[in-house]
Structures are given as C-alpha cells and as structure tokens.
Amino acid sequence: MRQADIGVYGLGTMGSAIALNMAEKGIPVAVANRESEWVADFVTEAGPLSSQIIACEDLKAFVAALSSPRVVLFMIPSGVPVDDMISQVLPLLEAGDMIVDAGNADFHDTRRRSKDLQAHGVHFVGMGVSGGEEGARHGPSMMVGGSAESWARLHPVLNAIAADFKGNPCVAHVGPDGAGHFVKTVHNGIEYADMQVIAELYGIMRDASARQASEIGQVFAAWNTGPLQSFLTEITATILQAEDPQTGWPVVDVIRDQAGQKGTGRWTVIEALKLGQSPSGIEAAVGARSWSSQKDLRAEIAESLTETLSAEVPQDDVLGAAFEAARLLLHLQGFAVLQAASQTYDWALDLSRIAEIWRAGCIIRSVLLNDLADILKDTEDDSALLRYPAIQTRLRVTVPALRAVVAASIQAGVPVPAMSALLAWFDTMRQARGTTNLIQAQRDFFGYHGYERIDADGPQHGPWWSR
Ligand code: 6PG
Numbered sequence: 001m002r003q004a005d006i007g008v009y010g011l012g013t014m015g016s017a018i019a020l021n022m023a024e025k026g027i028p029v030a031v032a033n034r035e036s037e038w039v040a041d042f043v044t045e046a047g048p049l050s051s052q053i054i055a056c057e058d059l060k061a062f063v064a065a066l067s068s069p070r071v072v073l074f075m076i077p078s079g080v081p082v083d084d085m086i087s088q089v090l091p092l093l094e095a096g097d098m099i100v101d102a103g104n105a106d107f108h109d110t111r112r113r114s115k116d117l118q119a120h121g122v123h124f125v126g127m128g129v130s131g132g133e134e135g136a137r138h139g140p141s142m143m144v145g146g147s148a149e150s151w152a153r154l155h156p157v158l159n160a161i162a163a164d165f166k167g168n169p170c171v172a173h174v175g176p177d178g179a180g181h182f183v184k185t186v187h188n189g190i191e192y193a194d195m196q197v198i199a200e201l202y203g204i205m206r207d208a209s210a211r212q213a214s215e216i217g218q219v220f221a222a223w224n225t226g227p228l229q230s231f232l233t234e235i236t237a238t239i240l241q242a243e244d245p246q247t248g249w250p251v252v253d254v255i256r257d258q259a260g261q262k263g264t265g266r267w268t269v270i271e272a273l274k275l276g277q278s279p280s281g282i283e284a285a286v287g288a289r290s291w292s293s294q295k296d297l298r299a300e301i302a303e304s305l306t307e308t309l310s311a312e313v314p315q316d317d318v319l320g321a322a323f324e325a326a327r328l329l330l331h332l333q334g335f336a337v338l339q340a341a342s343q344t345y346d347w348a349l350d351l352s353r354i355a356e357i358w359r360a361g362c363i364i365r366s367v368l369l370n371d372l373a374d375i376l377k378d379t380e381d382d383s384a385l386l387r388y389p390a391i392q393t394r395l396r397v398t399v400p401a402l403r404a405v406v407a408a409s410i411q412a413g414v415p416v417p418a419m420s421a422l423l424a425w426f427d428t429m430r431q432a433r434g435t436t437n438l439i440q441a442q443r444d445f446f447g448y449h450g451y452e453r454i455d456a457d458g459p460q461h462g463p464w465w466s467r
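Residues in the sequence shown are numbered consecutively from 1, following the working numbering.
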C-alpha cells in the first residue's frame, strides 16, 4: 500500500492550503477531516495534485496511510478540539510517532500536551504558522516548538513548503515544547500593534487633514517603496484605493469601525504582564479593538462631548518617519517579551533566527525585519535591544517625528493610543531618574511597604512612621 510522508487532519481553509502546498512540492500527503464528505471534494479540487494525495475516510485509515515514524498534523480549531483529537488518535500511534498542532494554540496548552504525550513516547510539536491562506498554500513562515528528534523528522517537509527568503526557507526549530506557539503568539502581538499604528496614521490623515481614502492609499503606496516596505503597508495601500462596487465609494468608507479579535494579541499582553513586561504598543492595539466594539456608546458620546480642535498636521515625510519609529519600537517590545519568556522557560530563543524566519511568508514581513535579522546577529547575550548602537541611531533619527505626530494628534483630538504608548515607553526608558520614588513613598505611607534610599542599602521607612 502507498504510504504518505505526513498526514494533514482538518481540511478547512488553512489545512487544505497546506496539504496542497505539500502535494505541489512532491510530498505524498494523507488527508482526513471530521466531516468525511469534505475529503472527496478536496481531492476533486486538487486536480492534478491529487496524485500525491491519499484520501482517507476515517482516522484509522489516515494513520494506516502514514509511513513510520508517523507525522500527524492537526490543522483544526485550537483548544478543546485539539485535546479531543489527541485522545482519539493516540491509541492508533506508536512510540516515536509525532503529533503536530499547527493552529494558533495557547502555549501553556502546548506545554501540557507535550508533557502528557512524552509519557506515551509520542512527540508533540507546537507549530506556529503565519501567512494566512495564501501563505499556507504557497509558502508560510513556520515557528516550530518540540524535540530535536521531531525537528529532524519534520524539517525536510517543512523546508520544502516554507516561504523562501533569498534561498533561505522561513522555518526554524525555535525551541522545545511551547516555544513555537509562544513565538507565533508574539508575532501576532506585533501584527496587532503594527496594524494599529497604520490605522492611527490613516486616522490622522482622514480626520485631522480631511484627506480622501484613495489619497491616503497613495501615501502608503509611496511608503511601501522605502524603509517602510512591508506586507501590511502594501495591503493598506491597496485597500485604501479600492472601490466598493455597490456604491462607488472607497471600500473602507462602507466598513463598520468595529474590529474583531480571536485572542492571540490579548494572550501576548497577558503573558507579557506575567513575565514582568509591558509591551505598551501591543496593549494599546488590543485595547483599541475592544474600544472599537463599543460602537453605540461612541456614537452617543460623539453627540454630546464635542470639542472644536485643530492642529497643523506634519507633512507626509514626517508621518512616515513617525511610522518608522513606532514600527521599530513595537518590534523592540515584542522581542523583549520573547527574551523574557526565553529566560523564564529556558528556551534559548535565537532572536536573529526568529527575525530571519519572519522575513517572508508571514503577515509582519518587512524591510525592518530584514534589517533586524542582521542587527540582532551581532549579539551574543540577551541584552536589551534598546542598547544596540544600530537601533539607537535609527531612534535618534525618527523619534522626533513620532513626537511631532503624537503632539499634533493630541492637539487635534485624534486618538493615537499605540503611537503615544510607544513614545511613552521610549521616554520612560531614556529617563535615568523616573518618578516611581514618589510611588514608593506613597506605598510606604499607606502600607508600610518600605523603600530603598539612594544613599543607603536595605529597606527604609519614611518620617511619617516616626510618630
Ligand atoms: C497569521 C495571522 C493569523 C490570523 C490571526 C488574526 O500570522 O497568519 O496572524 O494567525 O490572521 O489569528 O488574528 P485576529 O483574528 O485576532 O485578528
């Protein structure tokens, strides 16, 4: 009987795309789906690629179609469905086989599952996959977490299907157990913040300068030819210049301003806070989506809390430089979360390698990531990225523009939560003496918490306690 190198279970949009990608690369792939009737349709749609596809009716046939050690890749909704499928497939597997969860899983679940499956001798791989349907079909960026043994078995297949950056496949074994899913989660946090900064720049041009969508789209198109080139800049330019076929209006003008979220941005913030980090740009982006959902309240308040405000909006080149500063700062925050997690979970994450696999295929791919991959190569430790001379040089050049744009936006009453939060972080980090001396005094005053003096060691209490 013909055997497959890998099995893809779950023929939704992403699962179908990744299975077709494998088939196109000449990798024999077994496929199955909970609703078994989807399988035949999928094989029909695969056309000539179907010669590489082994269609399986049920889980038993699916596992039997795999060469040993077996690789079962789940592309199914994260959470309970993954646990259910693991318990169904496990009795059919043998020691040395592996299960790959390619969904956007919570890395805590991945760590738990890895540990549980270890007891059965089965490898569990948590793999972050980025790039949407297009990426999955023609080359995603993949962040693999799992044992060295599972990576050795998997990487020929993954190298073949990954996005290509100048001959380098955008896939890496980033660390053990939950590392791959954690790195993907932070990728999405960065994605949220980058999208929010873009939306804020659009808001300034639309609301403080009264510019039309298509004109703003041209600004993004121009930015996409220089250091701001990225997938998100590019699609923004295209989106803003697109017309709604029904009304002839710019399509963005007919879309409700309420953003959804599936949770990975929020997870980044929650995990970051637990690690003692505060990626303010990502927090602001998650919060802005939540605020956006209070549509009715906003519509009501807009009627009563009116203010006549105006400001001189900086020129496009200044807006662009502000975008460069904000994009750099939000990446630094994301990488700082990765560094903190790497230390806490003992993952030894290689930041430069992570930047490398984000250079193509994924949603946040950009010229900046190409540069960061090089800049981060020059480090041997986990030193804060704000220390790097190449990063400081960029910040010196671009932050004045961010300051000007945030100031003008505040004066004009245009909300810029991510850009202002990023600037606040930057200003805090370059302040040798901050203001938490006062907070320490307050804590001691009401709770006898103590503080450290600048001129003596050990906990001290204020004069308010000597009574
Ligand atoms: C990717 C995307 C992908 C998905 C996000 C969107 O890297 O391909 O990040 O994973 O589009 O889950 O998340 P929200 O629905 O939360 O915006």
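All C-beta atoms in this analysis are idealised placements derived from N, C-alpha and C, irrespective of residue type, glycine included. From a predicted model like this one, the values you see are computed outputs, not experimental measurements.
| Asked | Found |
| --- | --- |
| Flag His187 as yes when its Cβ comes closer than 8 Å to any non-hydrogen atom of the ligand 6PG, and as no otherwise. | yes |
| Put Pro400 into one of helix, strand or coil per three-state DSSP. | helix |
| In angstroms, rounded to a whole number, what distance separates the CA positions of Gly334 and Ala64? | 42 Å |
| Could you give the residue range of the beta strand (DSSP E) that holds His173? | 171-175 |
| Given this structure, state the Cα-to-Cα distance separating Thr398 from Ala408, to the nearest angstrom. | 16 Å |
| Is Val129 near the ligand 6PG, in the sense that its beta carbon is under 8 Å from a heavy atom of that ligand? | yes |
| Give a yes or no on whether the minimum CB-CB distance between Val72 and chain C is below 9 Å. | No chain C is part of this structure, which consists of one protein chain only. |
| Distance check for Leu422 and Pro48, CA to CA, integer angstroms please. | 50 Å |
| Going straight from the alpha carbon of Val416 to that of Gly226, what length do you get? | 23 Å |
| Just how far apart, CA to CA, sit Ile301 and Ser310? | 19 Å |
| Just to check, is the beta-carbon of Ile363 closer than 8 Å to a non-hydrogen atom of the ligand 6PG? | yes |
| Can you check the segment 67-153 for any beta strand (DSSP E) of at least 3 residues that lies completely inside it and give the ranges in chain order? | 71-74, 98-101, 123-130, 141-145 |
| Is Gly132 a contact residue of the ligand 6PG, with contact defined as CB to any heavy atom under 8 Å? | yes |
| So, under 8 Å CB-CB, Ile363 and Gly131 are touching, yes? Tell me the CB distance rounded to an integer number of Å. | 7 Å |
| Check whether the segment 139-148 and the segment 160-170 touch, using three or more Cβ-Cβ pairs below 8 Å as the test. | yes |
| Relative to the alpha-carbon of Gly7, which residue among Ser342, Glu45, Val89, His449 has its alpha-carbon at the smallest distance? | Val89 |
| Which two residues bound the contiguous alpha helix (DSSP H) that contains Gly320? | 316-345 |
| Quick check: what's the CA-CA separation for Ile190 versus His331? | 6 Å |
| Counting Cβ pairs closer than 8 Å, one from the segment 185-204 and one from the segment 382-397, do we hit at least three? | no |
| Pick out whichever of Thr110, Cys56, Glu134 has its Cα sitting closest to the Cα of Ser147. | Thr110 |
| Check whether the Cβ atoms of Val171 and Gly145 lie closer than 9 Å to each other. | no |
| Between the C-alpha atoms of Asp253 and Ala222, what's the straight-line distance to the nearest angstrom? | 21 Å |
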